[in-house]
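Chemist:
The structure is reproduced here in structure tokens:
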């Protein structure tokens, strides 16, 4: 909670990281041969020898570059999709073909190419929605990483240790991704309220079913009393997905998506049909970002196991507006389908809820 499309994908394992600023052009990265003009006639023997040595040096450097570029890297973006998804009756609940691809629908919420005002000359937020730079590359996803978490126990102290470790994994996942787009990433501050309510810059928040976790202005709150551990018990995958959803709002905040969305909500009126739809788009994107995180970290050798992933997958159908009886988060079916879209493919372009038709974000 916060205050104020599928097309033809590349082969699995072909997910690419976002562009890195300052990288040399692609032809240099691939070690393409460099073409030199033929030497003029009547060169001296010394000049010919020098030219030959220079050519040899170029070839050696080219070979070194090719070897460097093709060596195995353990911190890779790979195989984030899975050929076998959890066996649930609603696997087909992913957004329909063409529902979330930027190229397959007209952005209903266009925004101007504006950067947030800043007194510094460093990285700045980009106040865009469907046309935001991070949502444009169909091959961009989170790197597959190892995430090691302490064993879940249903106590305040153990939960704090679990979410603190999870926060570091999320920092390591999203930080480099956002840095690559020259966005001003800083980790959110974590808070673990213990009372029946807690104070934030967004006001006083009551702990309950609707506030198992809460994000406001670079601060992420996880009140243990709101996690409903009596209902969910020893299910760390459920808690991790919930936490990753709220962290997804921080990704939106850092990128500028959050500010742009709230401006549309304010303009339309928070409880108007258009304002509620924009709120759903914002929440469903955070769902997709949560799915991306679990999809990128499951089965990587850490503690994010396939069992945790499957239980998080199944749990998504229990959450949403049908459960909370609201209109600002999306139906339970859409709440599940957008999470699963992110978890299945780990493509951030697949999380472009702002360019999806209204029927996919109801």
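Numbering (the numbering used here), first residue to last: 20 to 381. The beta-carbon is built from N, C-alpha and C at its ideal position, and this holds for glycine as well.
Along the chain, where does the beta strand (DSSP E) containing residue 222 start, and where does it finish?
Modeler: Taken as a continuous stretch (DSSP letters only), the beta strand (DSSP E) holding residue 222 covers 222 to 225.
Chemist: Using 8 Å as the Cβ pair cut-off and three pairs as the minimum, do the stretch 370 to 380 and the stretch 321 to 331 touch?
Modeler: No, they do not touch.
Chemist: Could you tell me the alpha carbon to alpha carbon distance between residue 341 and residue 141, rounded to whole angstroms?
Modeler: Roughly 43 Å separates the two Cα atoms.
Chemist: Taking the CB atoms as reference points, tell me whether residue 245 and residue 226 lie closer together than 8 Å.
Modeler: Yes, the pair counts as a contact, with Cβ atoms nearer than the cut-off.
Chemist: Under a Cβ-count criterion, where at least 16 other Cβ atoms within 10 Å of its own Cβ denotes burial, should residue 75 be classed as buried or exposed?
Modeler: Only weak support exists for where residue 75 lies, its pLDDT of 46 falling under 50; the coordinates are left without a value.
Chemist: Do the stretch 155 to 162 and the stretch 302 to 320 meet, that is, are 3 or more Cβ pairs less than 8 Å apart?
Modeler: The answer is yes - the stretch 302 to 320 touches the stretch 155 to 162, with three or more Cβ pairs under 8 Å.
Chemist: Please state if the CB of residue 300 and the CB of residue 280 are separated by a distance shorter than 8 Å.
Modeler: Yes, Cβ-Cβ distance for residue 280 and residue 300 is below 8 Å.
Chemist: Flag this pair as yes or no: are the beta carbons of residue 283 and residue 202 separated by less than 8 Å?
Modeler: Not closer than 8 Å, so no.
Chemist: Would you check if the distance between the CB atom of residue 289 and the CB atom of residue 370 is smaller than 8 Å?
Modeler: It is not a contact, given that the beta carbons lie outside the stated cut-off.
Chemist: Let me confirm a value: residue 292 is counted as buried when at least 16 other C-beta atoms fall within 10 Å, else exposed. Which label applies?
Modeler: Exposed, by the Cβ-count rule.
Chemist: Beta-carbon within less than 8 Å of residue 347's beta-carbon, same chain only, minus the 5 sequence neighbours each way: which residues are those?
Modeler: For residue 347, where only same-chain residues beyond five positions count, the Cβ hits under 8 Å are 295, 298, 299, 302 and 340.
Chemist: Residue 168 and residue 184: beta carbons closer than 8 Å?
Modeler: Yes; because the gap between Cβ atoms is below 8 Å, this pair is in contact.
Chemist: For residue 209, list the residues DSSP reports as bridge partners.
Modeler: According to DSSP, residue 209 bridges with 239.
Chemist: Should residue 255 and residue 171 be called a contact, given that it needs their Cβ atoms to be closer than 8 Å?
Modeler: Against a cut-off of 8 Å, the Cβ pair of residue 171 and residue 255 comes out as a contact.
Chemist: Which term fits residue 320, buried or exposed, when burial requires 16 or more other beta carbons within 10 angstroms of its beta carbon?
Modeler: Burial call: exposed.
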